[in-house]
Amino acid sequence: MRHRSAALLGLAALALSACATPVPPVEVTRFHSAAVAGWAPGTRYVVDPRPLADPAGAASGIQPSLEWDSYRTAVERQLQLQGLVAAEGTATSTAPLRVRIGFERAERLGPGKRSPVSVGVGGSTGSYGSGVGLGLGINLGGGPRQMQDLRLGVRIDDAATGQALWEGRAIAAVPVKAPASQPSLAAAKLSEALFRDFPGESGRTISVP
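Count the sequence shown with UniProt numbering and you get residues 1 to 209, in order.
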């Protein structure tokens, strides 16, 4: 009986290890002005309820979705880890920083091919695999498994002038059925990568494991 129990435990461990899927690396690019370095701990921000139509920065009148809420939660956690504080109540009208958040999820039809239909805020159908409009020249690759391209874009503006102070873009390619493709996990991973070593080196693309 003891040997049988040990064997069952061994099989269970193998099954768990087989289910564990490593989260793929995330390609991150940030741009910012010198003003970012002057943000003091406790600086207030407000999240704009209008999502970015896509991480390239276009505005959209589309209402936030449940998946967008997952990204908002993940991004706000990272903002607060940087010492920023969410404005509440009447303070939202005087918060010096305004944050815009956008995401996109696009399935591929095969290796190196991207579906013409995207699911996400704005439903963007741009061909971002080549890095057009992103300042990126990365190859997200392809493979025998059905893949998804996940993108997150965040922009922090001066609320008074609307001038962009910091913006970042994070991109990852994950298998459709992998745990990493689930909205909550994807949002957490992309957000953490995007704010790694905040504010980051402006204009440089890095790979975050």
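Glycine is no exception: its CB is placed at the ideal position from the N, C-alpha and C atoms. From a predicted model like this one, the values you see are computed outputs, not experimental measurements.
Cβ contact check for the stretch 27-37 and the stretch 63-78: 3 or more pairs under 8 Å: no
Rounded distance between the beta-carbons of Met147 and Ala173, thought under 8 Å: Your numbering for residue 173 matches position 173 in the sequence shown. Your numbering for residue 147 matches position 147 in the sequence shown. Contact flag correct, Cβ pair sits at about 5 Å.
Test item: CB-CB of Ile156 and Leu66 under 8 Å: On the sequence shown, residue 156 is found 156 positions in, with the first residue counted as 1. On the sequence shown, residue 66 is found 66 positions in, with the first residue counted as 1. Result no, Cβ atoms of Ile156 and Leu66 do not sit closer than 8 Å.
Residues near Ala95 by beta carbon distance below 7 Å, same chain, minus five either side: Residue 95 sits at position 95 when you count from the first residue of the sequence shown. Correct list, in chain order: Arg44, Tyr45, Val46, Ala87, Ala159.
Proximity to Pro24 [Cα-Cα], best of Trp166, Ala188, Gly83, Thr161: Taking the first residue of the sequence shown as position 1, residue 24 is located at position 24. The shortest Cα separation from Pro24 among Trp166, Ala188, Gly83, Thr161 belongs to Ala188.
Simplified DSSP assignment, three categories, for Glu88: Position 88 of the sequence shown, counted from the first residue, corresponds to residue 88. Coil, per DSSP.
Inter-residue Cα distance where the pair is residue 212 and Asp149: This structure leaves residue 212 out entirely; the chain is present only between 1 and 209.
Simplified DSSP state of Asp197, which is helix, strand or coil: As a first step, residue 197 must be located in the sequence shown, where it is residue number 197. Coil, per DSSP.
Sub-8 Å separation of Thr205 and Val28 beta-carbons: Position 205 of the sequence shown, counting from 1, holds the residue named residue 205. Position 28 of the sequence shown, counting from 1, holds the residue named residue 28. Yes, they are a contact pair.
Three-way DSSP call (helix, strand, coil) for Val176 in this model: Taking the sequence shown and counting its residues from 1, one reaches residue 176 at position 176. Here Val176 sits in coil by DSSP.
Among Trp166, Arg145, Pro183, nearest to Phe195 - alpha-carbon criterion: The sequence position of residue 195 within the sequence shown is 195, counting from 1. It is Trp166 whose Cα lies nearest to the Cα of Phe195.
Distance CB(Gly42)-CB(Gly89) smaller than 8 Å: As a working note, residue 42 is residue 42 in the sequence shown. As a working note, residue 89 is residue 89 in the sequence shown. Going by C-beta atoms, Gly42 is not nearer than 8 Å to Gly89.
Residues near Leu11 by beta carbon distance below 7 Å, same chain, minus five either side: Here the question's residue 11 lines up with position 11 in the sequence shown. Only weak support is given to the placement of Leu11: the predicted model assigns it a pLDDT of 36, under 50, and the question is left unresolved by the model.
Cβ separation of Val26 and Ala193, assumed to be a contact under 8 Å, to the nearest whole Å: As a first step, residue 26 must be located in the sequence shown, where it is residue number 26. As a first step, residue 193 must be located in the sequence shown, where it is residue number 193. The pair is a contact, with the Cβ atoms about 4 Å apart (cut-off 8 Å).
Nonlocal neighbours in the same chain, by C-beta distance under 7 Å from Ser202, ignoring five residues either side: Numbered from 1 along the sequence shown, position 202 holds the residue referred to as residue 202. Excluding sequence neighbours, Ser202 sits near Arg30, Phe31, His32.
Coarse secondary structure for Val208, derived from DSSP in three states: Residue 208 sits at position 208 when you count from the first residue of the sequence shown. In the structure shown, Val208 sits in a strand (DSSP, three-state: E or B).
Per-residue burial, Ser93 [other beta carbons within 10 Å of its own, 16 or more giving buried]: Numbered from its first residue, the sequence shown carries residue 93 at position 93. Its Cβ having fewer than 16 others within 10 Å, Ser93 is exposed.
According to DSSP, residues forming a beta bridge with Asp157: The count along the sequence shown starts at 1 and reaches residue 157 at position 157. Note: Asp157 sits in a beta bridge opposite Arg98, Ala164.
Opposing strand residues paired with Arg44 [DSSP bridges]: Taking the first residue of the sequence shown as position 1, residue 44 is located at position 44. DSSP, once it has assigned bridges, lists Val85 as partnering Arg44.
Reference Ser70, options Glu107, Ser191, Pro199, closest by Cα: Here the question's residue 70 lines up with position 70 in the sequence shown. The shortest Cα separation from Ser70 among Glu107, Ser191, Pro199 belongs to Ser191.
Helix, strand or coil at Gln148 according to DSSP, with G and I counted as helix: Mapped onto the sequence shown, residue 148 falls at position 148. Gln148: strand per DSSP, three-state reduction.
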